[in-house]
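If you're matching them up, the sequences are chains H and R in order.
First residue of the first sequence: 1, per the working numbering; consecutive thereafter.
First residue of the second sequence: 1001, per the working numbering; consecutive thereafter.
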Amino acid sequence: MARAPTNANKAAYLFLAPFLVVFAVFTLYPLVLSGVLAVQQTHGPDHARFVGLDNFIGLATDPLFHKALGNTIIYTLGSLLIQLPLALGLAMLLNQPSLRGRWFYRLIFFSPQLMGLVFVAMLAALVFEKRAGLLNQALQWALDGWLDPETAFPWMAVLDGVTWLDFPWLQSFVMPALILVSLWMYIGYNMVYFLAALQSIDKSLVEACAVDGAGPVTRFFAVTVPSIRPVASFVVLLSLIGSLQLFELPYILLDQTAGPQNRGLTIVMYLYQSGFEAGDLGYASAIGWVLALMLVALALGQVFIMRREER
Amino acid sequence: MTTRHERIGALWTAALSPGAWVIALLAIGSGIAVLAMPVRDEPGLEVWIFAFEHGQMYEPVADEWTAETGTEVNVRVFGIPALARRVMGGFFSGIETADLIECERQMVGPMFAGPVESVGFTDLTERIEAEGLMGRINAPSFTPWMSRGRVFGLPHDVHPVLLGYRSDIVEAAGIDMSEIETWDDFQRVLRPLMADTDGDGRPDRYLLSFWENHLENLEVLLLQGGGSMFDMDGVCTLGSERNAEILAEVLSWCMGDDRFCTEINEWSNAGHMQTIEGYAIGYLMPDWMCGIWMRQMPQLEGTVKLMPLPAFEPGGRRTSVRGGSMMGIPKTTDQPDVAWELIRELYLSRDVARELYESNGIISPVTELWDDPMYDEPSAFFSGQAVGRAYIGEAPNVPPRPASPYYRSAQLRLQDAAVITGERARAAGMSTPEEILPLAREALADAQASIERQMARNVFIGEDE
């Protein structure tokens, strides 16, 4: 026999009700509907056909989805393997008490975060432009005469006879361009997390380590890394999720396309193109579910690793 | 330690606290205010368009029409992506949009992806046939707005493409452009202009603003040369031999020591500076681009001329087409007849045609208006040429562009094919059309397979046949 709700439960439900209603209407209901859409093909409100797992099977054999997945993984690796170590390095540098004007540098490195991503993408499109772009102008000024692109990248036939002014960032080097922009955008953001973690390290541990004769490298791996591990794990998870959801930056940088040869196509961009440009809502829903499962798997993996380390 | 009774009391006290009451009252008050807010229901016709300039043209005509009929016209301008999202959202969910919508060509493909009866626009075929408009409007202009033999919009334009060139540079070099009939002539006759006078080992300028990754110009040249992306039955033809030949030909223009093309961004300030400086001699110019050049690069006045595009072979087509828009009536409107009357007023009016040409350089698709003397007036910007007449001269030869839900995808796959072929050819040191042709065939076959795979997934295609 079910127990009657107590007054305490009733009060708790009363407090929870606004959130539960909003969650049910704006999250749960669309989620269920997107699950239904993922096994359908639709056109307008009156035409829907049940297609079973065809949308998912289509994804498994779709070269464009594979391309989007590959690009997203490259970008994610770029974020994790380049951006985070640099952010940590920067945080350690700006954590040095002897460095004058630390607050100013922290502000400078964090300031790109104050700009909207759309604005950053538009700015970056100008920076990477051929001939007139700031980056190519700088490369031409710095390298012209002693190193040309053909010599620098001898395996890239696309650079044959190309000057630094014409370096094709947004044609042939889309992922490096995206990683560079996000490096500029997010390095300060991640640095703030690492800085907070570094400042919470117990100084007596570092001093004890130094007294025991440990050098900077040993101190880093023996004290610093274990101390900042919880924050680092959090930053890694945030970067993973953010990288897998990459969309606005390449979409605007590449003039609302995926760029030549789909070099800037990401999973979310493909979802958007399928649903809102091609009008295939079922296929877009299937992409959304695959992405959601990937994110859930990553989050679970992260929790698993954290718990194992705690034990 | 608190008892259970005390905990319940504390919870209820919190629930009945002044803060909770303020929040509850605010929620109730704002809810009532939103419910009481009158739904914006302006009388008359709601028209959604994507170009500010079009709004300026339509305003006086709409005012006049309102004075005659008593029906108000509310024109709203959106950016193309914003309009596309609104229209798609409305059509896919069955909610009301506007009484009339002006669509750009790339917006309409997905609208035709389902059964023909599910297209969100009203089928205008009977109206158009009953009023004899098929004969009054330039025939190729209808093709982008047709699906399975039905017409869903009245065309706004023709958009033929001519070759714009820097007449000041060409004439200073004593070159006679009338010698040019084909693209081979073009590069042969103009080649002396590619001299390297500053000694940096590279030409000071190039002959044509075109590059393999320029999606629209690739399509322009493909269509000019007799290629296509879909046939009239909606079958994908990307992998055709003709397409491969044209792709190989135009890619050879961008390769090797003899390349005569360069990439100039046609929308950026930097690109405009290069155009003004004469970094390229020739440009693929649809009629609408004339208006843009006149507004954005007035420095070029008197230095530019137009001529028909050089053909791919003697006697070949001397024009192509780029862009286009139409006006259609969503099925959700409750005034389709009034909406149709307004379309006719806007699109068939001589006044609007005149404004369209004078403000934007765009020629009307209504053939009976082509005898208007305004099209013969010399343009100071284009060195005294009768620009309108030049475009009208080629308008009947504009290639058809059969509509397909997959047209945009096909454009993108064509671009992919061009880029990958270009890269492979460069890696192999190829630069002639004959060398590049096998690579082009292979890349286009892949592109076609990709589109066919996409089409095969559509369970609605074929249901109407």
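Beta carbons are placed, not taken as given, at the ideal position from N, Cα and C, and that holds for glycine.
Hey, could you find the ends of the beta strand (DSSP E) residue i is sitting in?
i: R:C1103; result: 1100 to 1104
i: R:M1285; result: 1280 to 1286
i: R:W1048; result: 1045 to 1049
i: R:V1073; result: 1073 to 1077
Kindly say whether residue i, judged by its beta-carbon, lies nearer than 9 Å to any beta-carbon of chain H.
i: R:N1243; result: no
i: R:I1276; result: no
i: R:M1177; result: no
i: R:I1329; result: no
i: R:F1091; result: yes
i: R:R1085; result: yes
i: R:M1273; result: yes
i: R:Q1454; result: yes
i: R:E1042; result: no
i: R:M1297; result: no
i: R:P1081; result: yes
Just curious, the alpha helix (DSSP H) that residue i is in, first and last residue?
i: H:A312; result: Chain H is shown only over 1 to 311; residue 312 of chain H falls outside these bounds and no answer can be derived.
i: H:F104; result: 102 to 110
i: R:N1360; result: 1350 to 1360
i: R:V1459; result: Looking at the DSSP string, R:V1459 is not in any alpha helix (DSSP H), and its letter there is neither H nor E.
i: R:R1408; result: 1407 to 1427
i: H:M191; result: 174 to 199
i: R:G1031; result: 1018 to 1036
i: R:P1081; result: 1080 to 1093
i: R:V1326; result: Note that residue 1326 of chain R is Met in the sequence shown here, rather than Val. Counting along the chain, R:M1326 falls outside any alpha helix (DSSP H), though it belongs to the beta strand (DSSP E) covering 1325 to 1328.
Ordered along the chain, which non-local residues of its own chain (more than five positions away) have a Cβ less than 7 Å from that of residue i?
i: H:A284; result: L271, S274, G275
i: H:L246; result: T72, Y75, T266, V268
i: R:A1390; result: L1162, L1306
i: R:A1395; result: N1138, V1158, P1160, I1363
To the nearest angstrom, report how far apart residue i and residue j are at their CA atoms.
i: H:G264; j: H:L249; result: 10 Å
i: H:V231; j: H:L237; result: 10 Å
i: H:L298; j: H:A121; result: 28 Å
i: R:M1194; j: H:M294; result: 54 Å
i: H:L86; j: H:W184; result: 11 Å
i: R:S1252; j: H:M175; result: 27 Å
i: H:L123; j: H:N262; result: 21 Å
i: R:S1167; j: R:A1098; result: 46 Å
i: R:L1124; j: R:D1337; result: 11 Å
i: R:P1038; j: R:S1030; result: 14 Å
i: H:R311; j: R:A1036; result: 59 Å
i: H:Y193; j: R:V1075; result: 50 Å
i: R:T1143; j: R:S1325; result: 11 Å
i: R:A1311; j: R:L1356; result: 28 Å
i: H:G89; j: H:Q302; result: 23 Å
i: H:D318; j: H:L33; result: Outside the shown range of chain H (1 to 311) lies residue 318 of chain H, about which nothing can therefore be said.
i: R:I1095; j: R:W1288; result: 33 Å
i: R:W1370; j: R:I1392; result: 7 Å
i: R:L1444; j: R:Y1058; result: 42 Å
i: H:R229; j: H:T257; result: 39 Å
i: R:I1461; j: R:A1113; result: 7 Å
i: H:V296; j: H:A38; result: 18 Å
i: R:I1343; j: R:Q1056; result: 16 Å
i: H:T151; j: R:L1215; result: 30 Å
i: H:V22; j: H:D280; result: 28 Å
Should residue i be flagged as near chain R, meaning a C-beta pair shorter than 9 Å?
i: H:A140; result: According to the sequence as given, residue 140 of chain H is Gln; it is not Ala. Not one chain R Cβ lies under 9 Å of H:Q140.
i: H:R131; result: yes
i: H:Y105; result: no
i: H:N262; result: yes
i: H:E309; result: no
i: H:F276; result: yes
i: H:Y312; result: Outside the displayed range of chain H (1 to 311) lies residue 312 of chain H, so it cannot be described from this structure.
i: H:D212; result: no
i: H:G44; result: yes
i: H:T218; result: no
i: H:G70; result: no
i: H:S172; result: yes
For residue i, collect the residues of the same chain with a Cβ closer than 6 Å to its Cβ; drop the 5 residues on either side in sequence, then sort them by chain order.
i: H:I312; result: The question about residue 312 of chain H has no answer here: the residues shown for chain H are numbered 1 through 311.
i: R:I1362; result: D1157, D1287, W1288, L1356
Report yes if the C-beta of residue i is less than 8 Å from at least one heavy atom of the ligand SAM; otherwise report no.
i: R:D1200; result: The ligand SAM is not part of the structure shown, which contains no ligands of any sort.
Chain H contacts from the segment 1384 to 1405 of chain R (Cβ-Cβ distance under 7 Å)
none
Residues from the segment 1110 to 1127 of chain R in contact with chain H, defined by Cβ distance under 8 Å
P1110, M1111, A1113, G1114, P1115, S1118, G1120
Can you pull out the residues from the segment 1409 to 1424 of chain R whose beta carbon lies closer than 9 Å to at least one beta carbon of chain H?
S1409, L1412, Q1415, D1416, A1418, V1419, I1420, G1422, E1423, R1424
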